[in-house]
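Structure, as structure tokens:
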Amino acid sequence: MASDGARKQFWKRSNSKVPGSIQHVYGAQHPPFDPLMHGTLLKAAPKVPTTPVKAKRVSTFQEFESNTSDAWDAGEDDDELLAMATQSLNSAVVMETAHRVLRNHSQRQERHQRQDGPAAEPPPSPSGDLRLVKSVSESHTACPAEELRKLSWSGIPKPVRPITWKLLSGYLPANVDRRPATLQRKQKEYFAFIEHYYDFRNDEVHQDTYRQIHIDIPRMTPEALILQPKVTEIFERILFIWAIRHPASGYVQGINDLVTPFFVVFICEHIEEDDVGTADVSRVPAEVLRNVEADTYWCMSRLLDGIQDNYTFAQPGIQMKVKMLEELVSRIDEQVHRHLDQHEVKYLQFAFRWMNNLLMREVPLRCTIRLWDTYQSEPEGFSHFHLYVCAAFLVRWRKEILEERDFQELLLFLQNLPTAHWGDGDVSLLLAEAYRLKFAFADAPNHYKK
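When you line the sequence shown up against full-length UniProt numbering, it's residues 1 to 450, in that order.
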């Protein structure tokens, strides 16, 4: 696709501050009220117990944790991991992971072909992009933070996912001895916000916000979980408090979906059912629910801090990302891009939701949780890597897209993609392809000059 010589491609101006680029909204996270500085608002009460954790078998993660619990003790409070989050993930390690997924998939297909048909030649040795990848054994882990990200990139085991997400988000201190005090302080702070703000939800200045939250929550999935009265109340409190404390954006439809993965991951520690949709949350002790609610609020806030201009006035972050997606797809699969253009399908008509809800409306919740394992392991996973996941996701359906010859059918397909039966294998292939695109276009842009 020809381009204007005066206009630089988006990956060549990643450091420029253009309207809609991903920038933190300073001030929105720091409203005047600080409950820890206003002791009169806090009722004298016994210390809030920390969330109980079930006894678990020794795992690789737990061995890692026990060996490095003091290694990250670099600061006084829970902000110590924010520096960790800005470190670049070792690209050789992740590239090897991505290609290993693709190689394993190819080898499985090869084995099936040998079983179903005549003998085939052995799989060819890796080539092409793999020449750029060093062996994992040649990579030197810079610090335990990077090691945790490397271990988490390809998926986190369910028993240790809650604590790993809290660590990766920067909410939980890495030092084991400091965790109880930090959790107690943050939980106390959150419920002080509720005491101070929540009674004003029906005031004229806030009632539109609260009404919209109240309307949106019943539309969320899984319905069997969300519509339980205690869960509905928790979501209403989390979303209302976040909106009040972030006036630069306030509440915007789409933010509500981002609560669900955190809540589901954290509540799964305390329920027996494998399917969270069938769990009866009313049987979970009230003190445990309080802790889960506070943890969910803070982790969601950490996520939104990095993508807040997705939700400020006119949602400039999303507008920019959709434009970047269109430009990226035009380069990686010009035929698909041209087909959409010929049938007058605009990227905003289907990809706005992909950015607004981080693909949560496109894939099952179990797949979203697996995606977020990797997003939280990638530097700027939600704000930057998600773009490449969306590009890989669109091209994944190229055959079906090219078969559609009608605007209406094309749009209906793109808005209702057949992912109901997707599992971890599908997500792993998607992430591997997304990392390949990121490696090619973001990290080595000169390879694709026109």
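Backbone N, C-alpha and C fix where the C-beta goes; we use that ideal spot for every residue, glycine too.
Does DSSP put Leu227 in a helix, in a strand, or in coil? Locating residue 227 in the sequence shown gives position 227, counting from the first residue. The answer is coil: DSSP assigns Leu227 none of H, G, I, E or B.
Taking the C-alpha atoms as reference points, what is the distance between Val205 and Arg370? Taking the sequence shown and counting its residues from 1, the one referred to as residue 205 is at position 205. Taking the sequence shown and counting its residues from 1, the one referred to as residue 370 is at position 370. Going from the Cα of Val205 to the Cα of Arg370 covers about 39 Å.
So does the region 382-392 actually touch the region 337-348, counting three or more Cβ pairs closer than 8 Å? no
Rounded C-beta distance between Leu167 and Leu148? I'm assuming under 8 Å. Locating residue 167 in the sequence shown gives position 167, counting from the first residue. Locating residue 148 in the sequence shown gives position 148, counting from the first residue. Confirmed, Cβ separation roughly 7 Å.
What is the DSSP secondary structure of His196, reduced to helix, strand or coil? The residue given as residue 196 occupies position 196 in the sequence shown. Helix, per DSSP.
Do Val329 and Leu394 have their beta-carbon atoms positioned less than 8 Å apart in this structure? Start at 1 with the first residue of the sequence shown, and residue 394 comes out as number 394. Start at 1 with the first residue of the sequence shown, and residue 329 comes out as number 329. Contact flag set, yes.
Three-way DSSP call (helix, strand, coil) for Thr419 in this model: On the sequence shown, position 419 is the one that residue 419 refers to. Thr419 falls in the coil class under three-state DSSP.
Are the Cβ atoms of Asn202 and Phe235 separated by less than 8 Å? Residue 202 sits at position 202 when you count from the first residue of the sequence shown. Residue 235 sits at position 235 when you count from the first residue of the sequence shown. Taking 8 Å as the Cβ cut-off, Asn202 and Phe235 do not qualify as a contacting pair.
Arg149, enclosing alpha helix (DSSP H) - first and last residue: Within the sequence shown, residue 149 is the residue found at index 149, counting from 1. First-last of the alpha helix (DSSP H) with Arg149: 144-153.
Is the beta carbon of Arg436 within less than 7 Å of some heavy atom of the ligand GTP? Of ligands this structure carries none, so the ligand GTP is not represented either.
Which stretch, first to last residue, makes up the alpha helix (DSSP H) that contains Val252? The residue given as residue 252 occupies position 252 in the sequence shown. No alpha helix (DSSP H) holds Val252; DSSP gives it neither H nor E.
Helix, strand or coil, according to DSSP, for Ala314 in the structure here? Position 314 of the sequence shown, counted from the first residue, corresponds to residue 314. Reduced to three states, the DSSP call for Ala314 is coil.
Alpha-carbon to alpha-carbon, Arg178 and Asn357: Start at 1 with the first residue of the sequence shown, and residue 357 comes out as number 357. Start at 1 with the first residue of the sequence shown, and residue 178 comes out as number 178. Whole-angstrom Cα-Cα distance: 34 Å.
Exposure of Ser249, with buried meaning 16 or more beta-carbon neighbours within 10 Å: Looking up residue 249 in the sequence shown gives position 249. Under this definition Ser249 is a buried residue.
Check whether the region 238-247 touches the region 255-270, counting contact only when three or more Cβ pairs, one atom from each stretch, lie closer than 8 Å. yes
Can you tell me the Cα-Cα spacing of Arg331 and Arg396, whole angstroms? Along the sequence shown, read from residue 1 onward, the residue named residue 331 stands at position 331. Along the sequence shown, read from residue 1 onward, the residue named residue 396 stands at position 396. Their Cα atoms are separated by approximately 15 Å.
Could you work out which residue in Leu348, Arg302, Thr182 is closest to Gly317 when comparing CA atoms only? Along the sequence shown, one-based indexing puts residue 317 at 317. For Gly317, the nearest C-alpha among the options comes from Leu348.
What are the boundary residues of the alpha helix (DSSP H) that Asp373 is part of? Along the sequence shown, read from residue 1 onward, the residue named residue 373 stands at position 373. Asp373 -> alpha helix (DSSP H) spans 365-375.
Environment of Thr374 [buried if 16+ CB atoms lie within 10 Å]: By one-based count along the sequence shown, residue 374 stands at place 374. Buried.
Do three or more CB pairs link the region 427-439 to the region 410-419 at distances below 8 Å? no
Can we say the region 281-288 touches the region 204-222, given the rule of at least three CB pairs closer than 8 Å? no
Cα-Cα, which of Pro157, Met324, Gln212, Phe385 is closest to Ala351? By one-based count along the sequence shown, residue 351 stands at place 351. Cα-wise, what sits closest to Ala351 is Met324.
Pro162 and Val265: beta carbons closer than 8 Å? In the sequence shown, residue 162 corresponds to position 162, counting from 1. In the sequence shown, residue 265 corresponds to position 265, counting from 1. Their beta carbons are under 8 Å apart, which means Pro162 touches Val265 by this criterion.
Supposed close pair Val345, Leu429 - CB separation, criterion 8 Å: Within the sequence shown, the letter at position 345 stands for residue 345. Within the sequence shown, the letter at position 429 stands for residue 429. Contact flag wrong, Cβ pair sits at about 25 Å.
Look at Phe263 and Val292 and say whether their C-beta atoms are less than 8 Å apart. Looking up residue 263 in the sequence shown gives position 263. Looking up residue 292 in the sequence shown gives position 292. Yes, the pair counts as a contact, with Cβ atoms nearer than the cut-off.
Rounding to the nearest angstrom, what Cα-Cα distance links Asp305 and Phe382 in this structure? Taking the first residue of the sequence shown as 1, we reach residue 305 at position 305. Taking the first residue of the sequence shown as 1, we reach residue 382 at position 382. Roughly 10 Å between the two C-alpha positions.
Can you look up Ser330 in the DSSP assignment and give me helix, strand or coil? The residue labelled residue 330 in the question sits at position 330 within the sequence shown. The answer is helix: DSSP assigns Ser330 an H, G or I state.
I need the straight-line Cα distance from His343 to Gly155, nearest angstrom please. Your numbering for residue 343 matches position 343 in the sequence shown. Your numbering for residue 155 matches position 155 in the sequence shown. Whole-angstrom Cα-Cα distance: 38 Å.
Cα-Cα separation between Val259 and Tyr297, rounded to whole angstroms: On the sequence shown, residue 259 is found 259 positions in, with the first residue counted as 1. On the sequence shown, residue 297 is found 297 positions in, with the first residue counted as 1. Approximately 8 Å between the Cα atoms of the pair.
Would you mind sorting Tyr435 into buried or exposed? The rule is 16 or more other CB atoms within 10 Å of its CB. Translated into positions along the sequence shown, residue 435 becomes position 435. Buried is the call here.
Excluding the 5 residues flanking Val363 on each side, which residues of the same chain have their C-beta closer than 7 Å to its C-beta? Your numbering for residue 363 matches position 363 in the sequence shown. The residues are Thr419, Trp422.
If we ignore side chains and look at the alpha-carbon of each, how far apart do Gln315 and Pro247 end up? Within the sequence shown, residue 315 is the residue found at index 315, counting from 1. Within the sequence shown, residue 247 is the residue found at index 247, counting from 1. Rounded to whole angstroms, Gln315 to Pro247 spans 14 Å at the Cα level.
Sequence-distant residues of its chain with Cβ nearer than 8 Å to Ser152 (five each side left out): Sequence index remark: in the sequence shown, residue 152 carries index 152 (1-based). Cβ within range, chain order: Thr164, Leu168, Asp373, Thr374, Gln376, Ser377.
Going by other Cβ atoms of all chains shown within 10 Å of its Cβ, with 16 needed for buried, is Asp295 buried or exposed? As a position in the sequence shown, residue 295 is number 295, starting the count at 1. Per the 10 Å Cβ criterion, buried.
Between the Cα of Leu365 and the Cα atoms of Leu183, Tyr198, Asp424, Thr182, which residue gives the shortest distance? To locate residue 365, count along the sequence shown from 1; it is residue 365. The shortest Cα separation from Leu365 among Leu183, Tyr198, Asp424, Thr182 belongs to Asp424.
Considering only residues of the region 256-281, which uninterrupted alpha helix (DSSP H) runs meet the minimum length of 4 residues and lie entirely inside it, listed in chain order? 259-267
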